[in-house]
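Chains as they are written, first to last, in the numbering used here: chain A, 3 to 441; chain B, 35 to 310; chain C, 24 to 313.
Shown next as structure tokens:
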């Protein structure tokens with residue numbers, strides 16, 4: 003149907019062009035349809051609160067001019083977004099045309115998120131424009147559900163005034179940590195976060211160890227696979243940072259990610275592995291006691307021979323309950339285009355407001371010189387980190403299984419028997435998966 | 035050996051110290067939160083008693099995306115309407131229970147009582163589904179309905195306690211003189227029970243104002259109330275304590291004022307006359 | 024209108040409201056508990072599964088029993104502590120006079136704080152890096168500042184207990200003050216004149232007369248402790264791990280985080296049973312006085 007429309011539009015425009023000699027309106031950028039077929043529609047967008055999306059919202063008049071489609075953004079703080087999404091799925095009212103969510107919330111909601119592979123093929127968009135891990139995070143069971151507009155890579159942040167060469171392996175982390183304990187005893191070498199507060203944050207670094215050891219969370223049949231010999235050894239080494247080598251901040255047991263970040267920013271810890279977006283707050287005097295000269299970043303250390311990192315994203319998808327799905331697709335195409343993304347990471351002021359954002363997800367932008375120049379080269383570091391990275395399993399039962407793991411890790415770090423805890427978690431996880439019919 | 039009077043004074047002094055310690059423990063957390071509401075984010079992480087105060091937190095919580103002003107409005111509407119509906123209905127029932135003997139009265143009273151003790155989490159899911167089908171999700175109407183469920187038992191019992199405490203004689207005299215029952219209720223009972231009604235009303239207002247779980251599950255954008263606003267300050271970067279504290283103050287202050295008004299009376303209501 | 028019809032008319036609206044808003048959802052909840060009820064699949068609530076969810080809770084889910092244990096321990100400890108402390112403070116404050124009366128008025132303030140707010144405040148104050156209580160206790164007891172209050176399962180449990188007790192003491196104290204006030208002075212004075220020491224007067228004269236109010240207080244507090252949700256949600260969110268996951272929180276988590284509405288309803292219904300038992304005793308005490 004659309005193809006016919008395209009042809010008709012194209013020929014109609016050609017005809018009028020031939021007559022009027024006006025500029026070619028036919029070639030709208032980013033695959034947008036010409037002729038404003040959805041003029042007058044208003045789209046409702048559900049989004050997380052973040053300067054990055056503020057920057058997009060402030061520029062979306064450009065989209066309205068091109069297509070005549072209006073937009074209404076609803077920003078929900080991260081802490082309540084999941085409930086909102088669940089409620090939207092249950093209500094099935096189509097109140098929002100586009101929704102933004104954390105990738106791990108995708109699978110339970112996938113049944114009402116629109117698959118866009120067909121649309122992408124028609125408009126010549128490929129997921130290759132994103133690093134594989136980012137692309138994977140927006141897919142479910144082989145179908146693409148949306149675009150990862152906001153996605154993150156892990157980096158190791160460190161005090162470059164205290165550490166000359168950043169560690170490249172976790173063994174080096176230990177040795178750097180130990181010498182730091184001698185030379186600067188009042189700063190903890192490494193801030194990790196083992197606390198389990200329901201957000202599974204203590205798995206973020208654990209996965210580095212697990213994957214580099216050659217193990218995985220699930221095997222090909224979907225059974226828990228972290229309790230094999232390699233997996234157990236990897237877990238033990240991860241926990242050993244705190245319990246055996248003791249190079250971590252003592253409070254790491256109670257830290258969640260934000261506490262560890264605070265610890266680094268208040269100058270109480272010297273190394274901290276976390277998301278790349280943390281950089282801007284680390285050098286912001288309103289939030290941190292550190293200066294740009296003190297904060298360095300490097301790729302994640304390797305475990306054994308490899309460094310495999312964990313990537314996370316917040317994709318945008320179209321709701322199948324929406325009454326404006328075609329118009330929503332137009333918007334998604336525009337919203338995700340690389341030029342807009344580049345401007346959002348290089349221009350610091352939009353419409354009179356200051357927007358500081360360094361998140362880009364297109365490969366083209368991650369390796370772009372201008373983008374890197376504007377952001378201390380952090381995109382390049384992230385891109386390298388993403389060369390070998392993966393995401394958490396995309397199954398609806400993941401929250402429950404993930405919580406079992408997170409609980410086991412927290413207990414292990416508190417001094418429990420690592421092998422026993424992880425094996426028990428695997429047994430309970432198997433039960434859960436069997437009950438839900440996945441196994 | 036300490037003499038009798040000196041000993042009593044020592045005892046009294048000891049008691050005063052204990053009381054002061056007690057009240058300090060009770061009030062310090064509140065004061066600390068109040069202080070945090072005026073601090074900048076970076077000051078929150080240092081235990082400073084002296085700092086340069088800022089009102090910016092209050093400005094920020096009223097702005098997008100937190101929009102506490104709308105939530106304040108929603109909370110006020112929901113709590114007020116709930117009370118305006120609950121009190122008359124409860125008063126009618128309370129009067130009947132108090133002055134008459136109905137068939138199955140004990141059972142009815144116990145059932146009304148029992149629902150007061152059902153954990154909200156047991157019934158929130160059916161409400162969620164029912165509201166979805168009725169289109170009541172994320173509406174103030176829906177919130178009023180659930181809050182009625184919560185406060186009605188309290189209201190009936192408290193008001194019954196008050197009416198029980200009013201002597202029947204005046205009513206009986208009026209009835210003998212030819213007034214109808216309804217006239218008696220309107221002209222005699224209501225004025226005398228008025229303080230009790232106000233107390234029950236304020237008590238129910240506070241409960242509806244602070245109600246958390248139903249508001250969390252049943253609202254998403256339009257009808258969000260103040261307590262849920264607190265959960266909004268968990269950002270991707272972490273908790274914004276200074277903003278949370280500012281929001282906390284906005285939630286607390288009206289409740290303090292109302293609670294002080296009813297301090298004398300609510301105790302009686304809660305124990306339903308077990309305390310005379 | 025005859026009294027006979029009027030009295031039923033007066034009662035009807037209240038009964039209707041309670042029936043529609045409390046009794047009906049309870050029944051619905053029971054129905055849901057017997058279906059698979061997964062929100063992550065289409066065709067909610069999917070099929071009828073009978074008592075399977077209940078079996079899963081009892082037999083296969085250690086997390087369920089953990090919640091039962093946490094809730095039971097929490098209820099027992101908070102009821103005991105709150106009642107004891109409230110009784111002490113009530114005795115301290117009952118005497119009257121301007122000072123004590125003023126303090127009683129101040130007691131209202133913590134009562135007006137919602138449990139959610141209390142949860143947030145205590146989480147703020149027990150933060151190991153910048154929390155007020157952490158610093159204060161650290162100064163009082165050396166080594167206490169090193170404790171990761173909310174990361175250690177045992178300590179986290181106690182922090183939740185402390186927050187809950189803190190929140191309820193004012194209210195229970197005021198109730199007990201009222202109870203003490205209603206005991207006729209003559210009985211106490213008679214004993215004092217007879218030369219009995221203060222603690223004996225309390226034990227033999229005051230306490231027995233206070234017992235009915237005390238019983239009401241204990242049962243009320245037990246019921247509210249069993250229901251605890253807001254506090255846990257904002258203070259620890261059930262953590263660390265599930266060390267502070269009360270049954271209410273467990274139901275919420277399974278229903279809304281894991282999207283298992285059917286199972287969550289089953290557990291929720293299991294909570295109703297102790298409620299009914301306690302309500303029976305509460306009604307007995309209250310009605311016996313009437």
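Here a beta-carbon is modelled for each residue, glycine too, at the ideal position from N, C-alpha and C.
Notebook entry, point to check: Residues of chain A with a CB under 9 Å from the CB of residue 166/B: which are they?
Noted result: 89, 92, 93, 94, 95
Notebook entry, point to check: At least one CB of chain E closer than 8 Å to the CB of residue 72/B: is that the case?
Noted result: Among the chains of the structure shown, chain E does not appear; the protein chains present are A, B and C.
Notebook entry, point to check: Using the C-alpha atoms, what's the distance from residue 273/C back to residue 345/B?
Noted result: Any answer about residue 345/B is impossible in this case: the structure gives chain B only from 35 up to 310.
Next item on the list: Compute the beta-carbon to beta-carbon distance between residue 56/C and residue 289/C, rounded to the nearest angstrom, for a pair I have assumed lies under 8 Å.
Entry: 4 Å
Item checked: Span of the alpha helix (DSSP H) around residue 118/A -> Element bounds for residue 118/A: n/a, residue is neither H nor E.
Check: Which full runs of the alpha helix (DSSP H) of 4+ residues lie inside the region 68-93 of chain B, going along the chain?
Finding: 75-78
Next item on the list: Classify residue 35/A as helix, strand or coil using the three-state DSSP reduction.
Entry: coil
Notebook entry, point to check: residue 180/A: buried (16+ other C-beta within 10 angstroms of its C-beta) or exposed?
Noted result: exposed
Next item on the list: Rounded to whole angstroms, what's the CA-CA distance from residue 211/B to residue 207/C? Just pull it up for me.
Entry: 38 Å
Next item on the list: Answer with yes or no whether the minimum CB distance from residue 125/C to chain A is below 8 Å.
Entry: no
Item checked: Simplified DSSP state of residue 183/A, which is helix, strand or coil -> helix
Next item on the list: Entirely within the region 249-318 of chain A and at least 4 residues each: give me those alpha helix (DSSP H) ranges in chain order.
Entry: 259-267, 280-284
Notebook entry, point to check: To which residues does DSSP link residue 232/C through a beta bridge?
Noted result: Answer is none; residue 232/C lacks a bridge partner.
Next item on the list: Could you tell me whether the Cβ of residue 253/A comes closer than 8 Å to any Cβ of chain C?
Entry: yes
Notebook entry, point to check: Could you give the distance in angstroms between the alpha-carbon of residue 132/B and the alpha-carbon of residue 110/A?
Noted result: 53 Å
Margin query: What I want to know is whether the C-beta of residue 31/C ends up closer than 7 Å to one or more non-hydrogen atoms of the ligand ZN.
Written below: This structure simply doesn't include the ligand ZN, nor any ligand for that matter.
Check: Do you know offhand how far residue 269/A's Cα is from residue 189/A's?
Finding: 7 Å
Next item on the list: Could you check the C-alpha separation between residue 333/A and residue 104/B for me, to the nearest Å?
Entry: 29 Å
Notebook entry, point to check: Which residues bound the beta strand (DSSP E) around residue 272/C?
Noted result: Looking at the DSSP string, residue 272/C is not in any beta strand (DSSP E); the run it does join, the alpha helix (DSSP H), is 270-275.
Next item on the list: Compare the C-alpha of residue 198/B against each of 177/B, 223/B, 95/B and name the closest.
Entry: 223/B
Note to self: According to DSSP, simplified to helix, strand and coil, what is residue 24/A?
What the structure shows: With a pLDDT of 40 at residue 24/A, under the threshold of 50, the modelled position of that residue is not reliable, and the figure given next carries that caveat. In this structure, residue 24/A counts as coil in the three-state DSSP scheme.
Next item on the list: Identify which residue in 266/B, 98/B, 61/B, 77/B has its Cα closest to the Cα of residue 131/C.
Entry: 61/B
Notebook entry, point to check: Taking the DSSP output, what are the residues bridged to residue 152/A?
Noted result: 316/A
Margin query: Using a Cβ-Cβ cutoff of 8 Å, what residues of the region 226-238 of chain A are near chain C? List them in chain order.
Written below: none
Next item on the list: Check the Cβ-Cβ distances between residue 39/A and every residue of chain B, and say whether any is below 8 Å.
Entry: no
Check: Can you tell me where the alpha helix (DSSP H) with residue 252/B in it begins and where it stops?
Finding: 247-252
Checklist line | C-alpha gap between residue 191/C and residue 76/A, whole angstroms | finding: 38 Å
Checklist line | Separation of residue 171/C from residue 150/C, as counted between CA atoms | finding: 8 Å
Item checked: residue 36/C - DSSP class collapsed to helix/strand/coil -> helix
Next item on the list: Pick helix, strand or coil for residue 44/B, following the three-state DSSP scheme.
Entry: helix
Next item on the list: Check whether the Cβ of residue 162/B lies closer than 8 Å to any Cβ atom in chain A.
Entry: yes
Check: Would you report the Cα separation of residue 280/C and residue 89/A, rounded to the nearest angstrom?
Finding: 11 Å
Notebook entry, point to check: Which one or two residues does DSSP pair with residue 283/C in a beta bridge?
Noted result: 61/C
Next item on the list: Taking 8 Å as the cut-off, decide whether the C-beta atoms of residue 135/B and residue 29/C are in contact.
Entry: no
Next item on the list: Would you kindly report the start and end of the unbroken alpha helix (DSSP H) that includes residue 169/A?
Entry: Unbroken run through residue 169/A: none, as it is neither H nor E.
Check: Quick one: which chain B residues come within Cβ less than 9 Å of residue 86/A?
Finding: 254, 255
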